[in-house]
Amino acid sequence: MTALGASFRWLAISVLLAAALGLSCSSDDGGVAGGTGAVTGTGATSGSGGAGGGSGGIGIGGAGGAQGPFPDFPKEPEIEASLPSDIGSQFGAPGQPSGGPCLSEPPVDALVPKNWTPLRFEWSAPAEQNVFELRLHVDNQVNDLVVYTTQKSYTISASVWKALTLHSAGHDVEVTVRGAKLDSGKLTAGPFTGVQGPVHIAPVAAPGSVVYWTSGAPGSGQTALKGFSIGDTSVTTVLTPSVVGGDTTCVACHVSAPDGKHTFYTRDGANTRSVDVRSVDGLGSAPAAAAVSPTALSLLGRTKQSAPATSKARYSATDAVAVTVFHDATATAGKYELIWTDLHTSDPNTGWGTFARTGDPRQVASPTWWHDGSTIAYVSAPITGEGVIARITDADPTMDIYTIPYNERKGGPATPLTGASDPAYWEYYPVISPGDALLAFNRCAPRKESDGTWADSYNEPTGEVYVVPGKGGTAVRLAANDPPACTQKTSPGLTNSWPRWAPTAEEFGGKKYYWIVFSSTRRDASNPQLFVAGVVTSESGGQVSIDKTYPAIYVTAQVVEENNHTPAWDVFQVKPPQ
2 MTALGASFRW
12 LAISVLLAAA
22 LGLSCSSDDG
32 GVAGGTGAVT
42 GTGATSGSGG
52 AGGGSGGIGI
62 GGAGGAQGPF
72 PDFPKEPEIE
82 ASLPSDIGSQ
92 FGAPGQPSGG
102 PCLSEPPVDA
112 LVPKNWTPLR
122 FEWSAPAEQN
132 VFELRLHVDN
142 QVNDLVVYTT
152 QKSYTISASV
162 WKALTLHSAG
172 HDVEVTVRGA
182 KLDSGKLTAG
192 PFTGVQGPVH
202 IAPVAAPGSV
212 VYWTSGAPGS
222 GQTALKGFSI
232 GDTSVTTVLT
242 PSVVGGDTTC
252 VACHVSAPDG
262 KHTFYTRDGA
272 NTRSVDVRSV
282 DGLGSAPAAA
292 AVSPTALSLL
302 GRTKQSAPAT
312 SKARYSATDA
322 VAVTVFHDAT
332 ATAGKYELIW
342 TDLHTSDPNT
352 GWGTFARTGD
362 PRQVASPTWW
372 HDGSTIAYVS
382 APITGEGVIA
392 RITDADPTMD
402 IYTIPYNERK
412 GGPATPLTGA
422 SDPAYWEYYP
432 VISPGDALLA
442 FNRCAPRKES
452 DGTWADSYNE
462 PTGEVYVVPG
472 KGGTAVRLAA
482 NDPPACTQKT
492 SPGLTNSWPR
502 WAPTAEEFGG
512 KKYYWIVFSS
522 TRRDASNPQL
532 FVAGVVTSES
542 GGQVSIDKTY
552 PAIYVTAQVV
562 EENNHTPAWD
572 VFQVKPPQ
């Protein structure tokens, strides 16, 4: 097959896949929607060290929280109205030490921000078990919280959760779920103990707000940006095609303006893909000319431009720049290149330019920009498309993360980032942490589709989230990739994708607490949903070490029926949900 024929073949397959999945806005070239067949495997363990508290201990926060004891948990158990009043005494027998429910949310050993949404517990159980006991024990609480229910979920009330996080942040919640068979008001089998273990309430909050892209319920085609602040119980709509107006058909990949008032996002119109800037207050207002000039908006609005990135160090009244991926037959010689746009420019000829990437002749995708403005990381691959998709060839089989210096808009030498440029893997979707200390990215083993063509990075089911020092080093696989073992769902194979950091790392007890959000298809419906996980580090002699990474917790604020992807986490000034 000729190169041109192969290109058209990829385009046809990609368009069909995008339509079937409902996961992508329109394509600006052939590079979309590979990776439809899940490949399962065995993942490695998480990072080194162990910061988790032991059973009944003070927990991850050391002396976090107050001393107590406190009566935040009620003295009497909560009993579902349909159950006999003596159900507690019937569960009093030790029963069987195994065979009980599988706790899927939150996973044992998860780290929960102290400002999180009231904690929800979810479990599954053998079919014959129809009544359950949930017991929560915290060492500085007078009582255990005990619940008897026929349901397979329970959410702590807002008032109890508020008191608990006030008094017990930094402590462990020891969770025990037991199941039994109830027949005519009597237990006839069990109780059977399921998973037991701690869930850690962090001594710190998770800052900021998350704005994410949703393609709506499967088949709906209702794309939108939605958002929530940490602790919200539902989401608010931030931006939709109808609010943007004109020929807009999709609003997609996005970042925050460093002031949190606007989002730089990828806009699809009639046969176009470009970058636009709108407010995140639900009104979708264009920025004032003092923030982004009309000329800059016009430059960003050139077609085949996407994947915007910003930096706090380069967003001021005198120096404001956006980085994007741009393709033009003449200006970029028919390649996808990294370009800069002066957001205050009044000259369309001098208000933008291409970064030098000396030593890297390949194409680019998915830029991320250091917060201090010094460095840009990106994906280097022989074929890229839509600003965020990368693909290899037989002749050039690597997909790696490179860095270049910003160098006052000039760029410079392109350098593979150690730990994120292993030729044995594909590395993609990089994002730099607050303080520029860590870089998160996706990684997977190279694979081909069933027809023998190479897969690409888009919606890749075997992708997993890794973290590497911002200056390069050893990559650490996050524990967040793995659901609880009892769910019998394993990664690779869960489309763990598109990690993004919280805007700041909170410090406590000589540790830094980072938070990361990503999408995954691990829920029973297998549609992409958002999860949050903690990464705790320490520093010695100027060297940052990852002490522990934690399992991920489900974001209960999101709409469970929708396909939710590509989050951004920043100081977005989103309106509270109504």
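Residues in the sequence shown are numbered from 2 upward in steps of one, following my numbering. Every residue, glycine too, gets a C-beta built ideally from N, C-alpha and C.
Span of the alpha helix (DSSP H), counted from its first residue to its last, around residue i
{"i": "Val161", "result": "159-169"}
{"i": "Ser90", "result": "88-91"}
Where residue i falls: helix, strand or coil (DSSP)
{"i": "Thr249", "result": "coil"}
{"i": "Ala481", "result": "helix"}
{"i": "Val139", "result": "coil"}
{"i": "Pro368", "result": "strand"}
{"i": "Asn565", "result": "strand"}
{"i": "Pro199", "result": "strand"}
{"i": "Pro242", "result": "helix"}
{"i": "Pro577", "result": "coil"}
{"i": "His328", "result": "strand"}
{"i": "Thr194", "result": "strand"}
{"i": "Leu84", "result": "coil"}
{"i": "Gly386", "result": "strand"}
{"i": "Ile216", "result": "What sits at residue 216 in the sequence shown is Ser, not Ile. Coil at Ser216, not helix or strand."}
{"i": "Thr557", "result": "coil"}
{"i": "Gln152", "result": "coil"}
{"i": "Val211", "result": "strand"}
{"i": "Gly535", "result": "strand"}
{"i": "Trp341", "result": "strand"}
{"i": "Val147", "result": "strand"}
{"i": "Ser381", "result": "strand"}
{"i": "Phe74", "result": "coil"}
{"i": "Asp548", "result": "strand"}
{"i": "Gln97", "result": "strand"}
{"i": "Leu495", "result": "coil"}
C-beta contact flag for residue i and residue j at 9 Å
{"i": "Phe573", "j": "Val278", "result": "no"}
{"i": "Ser458", "j": "Thr496", "result": "no"}
{"i": "Pro107", "j": "Val236", "result": "no"}
{"i": "Pro424", "j": "Ala378", "result": "no"}
{"i": "Asn443", "j": "Gly217", "result": "no"}
{"i": "Ile405", "j": "Thr416", "result": "yes"}
{"i": "Ala321", "j": "His372", "result": "no"}
{"i": "Thr166", "j": "Phe122", "result": "no"}
{"i": "Thr224", "j": "Ala253", "result": "yes"}
{"i": "Ala181", "j": "Phe92", "result": "yes"}
From the options, residue whose alpha carbon lies closest to that of residue i
{"i": "Ile402", "options": "Arg448, Ala456, Ala476, Asp184", "result": "Ala476"}
{"i": "Thr118", "options": "Val139, Cys254, Gly232, Tyr459", "result": "Gly232"}
{"i": "Ala534", "options": "Thr567, Gly96, Ala203", "result": "Ala203"}
{"i": "Gly195", "options": "Gly464, Ala332, Leu104, Thr491", "result": "Leu104"}
{"i": "Ala287", "options": "Tyr266, Lys305, Ala271, Gln306", "result": "Tyr266"}
{"i": "Thr394", "options": "Ser125, Thr454, Leu298", "result": "Thr454"}
{"i": "Thr351", "options": "Pro406, Trp341, Thr557, Ala357", "result": "Trp341"}
{"i": "Lys163", "options": "Glu106, Ser86, Phe74", "result": "Phe74"}
{"i": "Thr1", "options": "Ala391, Arg315, Leu439, Trp371", "result": "Any property of residue 1 remains undetermined from this structure, which presents the chain solely from 2 to 579."}
{"i": "Gly543", "options": "Tyr551, Asp525, Gly436, Ser86", "result": "Gly436"}
{"i": "Gln152", "options": "Asn131, His566, Asp140, Thr355", "result": "Asn131"}
{"i": "Leu226", "options": "Ser451, Phe92, Leu240", "result": "Leu240"}
{"i": "Ser498", "options": "Asp248, Val537, Glu428", "result": "Glu428"}
{"i": "Val365", "options": "Ala308, Tyr316, Tyr407, Lys411", "result": "Ala308"}
Boundaries of the beta strand (DSSP E) in which residue i is found, first to last residue
{"i": "Ile517", "result": "512-521"}
{"i": "Arg501", "result": "498-502"}
{"i": "Ser105", "result": "103-106"}
{"i": "His263", "result": "263-270"}
{"i": "Ala225", "result": "225-230"}
{"i": "Asp277", "result": "273-280"}
{"i": "Arg524", "result": "Arg524 -> no beta strand (DSSP E), and no H or E assigned at all."}
{"i": "Thr177", "result": "173-184"}
{"i": "Glu507", "result": "507-509"}
{"i": "Gly543", "result": "It is not in any beta strand (DSSP E) - Gly543 carries neither H nor E in the DSSP assignment."}
{"i": "Thr359", "result": "357-359"}
{"i": "Tyr403", "result": "401-406"}
{"i": "Arg121", "result": "121-125"}
Distance cut-off 8 Å: residue i Cβ against heavy atoms of the ligand ADP
{"i": "Thr369", "result": "In the structure on display, the ligand ADP does not appear, and there are no ligands present to speak of."}
>> Going residue by residue through the segment 285-323, where are the continuous alpha helix (DSSP H) segments of at least 4 residues, counting only ones entirely within it?
In response: 295-301
>> Suppose only complete runs of 3+ residues qualify. What are the beta strand (DSSP E) ranges in the segment 410-491, listed by chain order?
In response: 412-414, 427-433, 439-445, 465-470
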